[in-house]
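Enquirer: Take any residue in the sequence shown, count from 1 to its spot, add 608: that is its number in our numbering.
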Amino acid sequence: PLQLAAENGHLPVVKLLVANTRLARPPEDSQDEALCINRLLHGLGSAGGDTARDRAEQRGHAAVASFLQYPVWKKWRLRRLWQRAIRVVATLCAWHARALNRLYEPGGIGYHTARAEFEEHQSKRQRSGSEQEGS
């Protein structure tokens, strides 16, 4: 799919496929880390075919070819992961705030607990204040 999208110049599809691609592990017999930046993107291991970047360059799709260079898509992918993490955190914060609102709204369990605790502290305070006055 990646090679076909690159060959036809579909940059949004290429970005989608790159975003959902895991980095490949290096072969056990290889000592060269540069070979394994991403086997899928570079076409290693695929029946000796061209890489996605080669296919985009052959068809004249410069935007796709420049995106498929490792430093470019690596930065783009990291930025996309951070955006996802921020969205997840924002969603969790909103859920937490909504849960707290429901918990402490009048009639909620937290409301009754907090009210009982407050009244207990008030009664202790009044008792200790009246004991000090009596002494």
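Where is the CB? At the ideal position from N, CA and C, for every residue including glycine. Treat the numbers as computed from the prediction; the structure is a model and nothing was measured.
Locate the alpha helix (DSSP H) running through Gln666, then write down its first and last residues.
Expert: Unbroken alpha helix (DSSP H) run through Gln666: 660-667.
Enquirer: Taking the straight line between their C-alpha atoms, what separation do you get for Ala693 and Ala702?
Expert: Whole-angstrom Cα-Cα distance: 14 angstroms.
Enquirer: Do Val672 and Gly617 come within 8 angstroms of each other at the CB atom, strictly closer than that value?
Expert: A contact, by the Cβ cut-off of 8 angstroms.
Enquirer: Find the nearest neighbour of Arg667 within the set Ser736, Ala627, Leu612, judged by alpha-carbon distance.
Expert: For Arg667, the nearest C-alpha among the options comes from Leu612.
Enquirer: At 4 residues or longer, and completely inside the segment 668-707: list those alpha helix (DSSP H) runs for me, N to C.
Expert: List check, alpha helix (DSSP H) in window: 670-675.
Enquirer: Tell me whether Gly617 sits in a helix, a strand or coil according to DSSP, three-state version.
Expert: The answer is coil: DSSP assigns Gly617 none of H, G, I, E or B.
Enquirer: Flag this pair as yes or no: are the beta carbons of Glu728 and Tyr719 separated by less than 8 angstroms?
Expert: Against a cut-off of 8 angstroms, the Cβ pair of Tyr719 and Glu728 comes out as no contact.
Enquirer: Can you tell me whether Ala661 is buried or exposed, with buried defined as 16 or more other CB within 10 angstroms of its CB?
Expert: Checking the sequence shown, residue 661 turns out to be Arg, not Ala. Arg661 is buried by the Cβ-count criterion.
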